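Residue numbers (the numbering used here): 217 to 284. Idealized CB from N, CA, C, for every residue including glycine. Since this is a predicted model, take the numbers as computed values, not measurements. Below is one structure, written out as structure tokens; comments come after it.
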């Protein structure tokens with residue numbers, strides 16, 4: 217396993233509640249874990265929590281979230 221990293225991005229074209237994106241990478245490989253939020257800290261916190269759940273579950277999980 218490589219270093220686990222978060223790529224955090226701000227995109228003003230997204231709705232206000234999803235302008236911050238935190239995406240989890242294992243080295244350079246996308247893990248399938250990401251979070252969208254209204255603040256940088258919230259996106260990081262949510263992505264970190266999802267990563268912990270991903271590790272506990274032992275595999276990839278996926279959900280569809282409607283953006284308002």
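Host beta strand (DSSP E) of residue i (start-end)
| i | result |
| --- | --- |
| residue 223 | 220 to 226 |
| residue 239 | 236 to 242 |
| residue 249 | 245 to 253 |
Residue i: first and last residue of the uninterrupted alpha helix (DSSP H) it sits in
| i | result |
| --- | --- |
| residue 257 | 256 to 273 |
Neighbour-count burial assignment, residue i, 16 or more Cβ in a 10 Å radius
| i | result |
| --- | --- |
| residue 251 | buried |
| residue 267 | buried |
| residue 249 | buried |
Cβ-Cβ separation, residue j to residue i (assumed contact under 8 Å), whole Å
| i | j | result |
| --- | --- | --- |
| residue 254 | residue 235 | 7 Å |
Residue i - DSSP class collapsed to helix/strand/coil
| i | result |
| --- | --- |
| residue 231 | coil |
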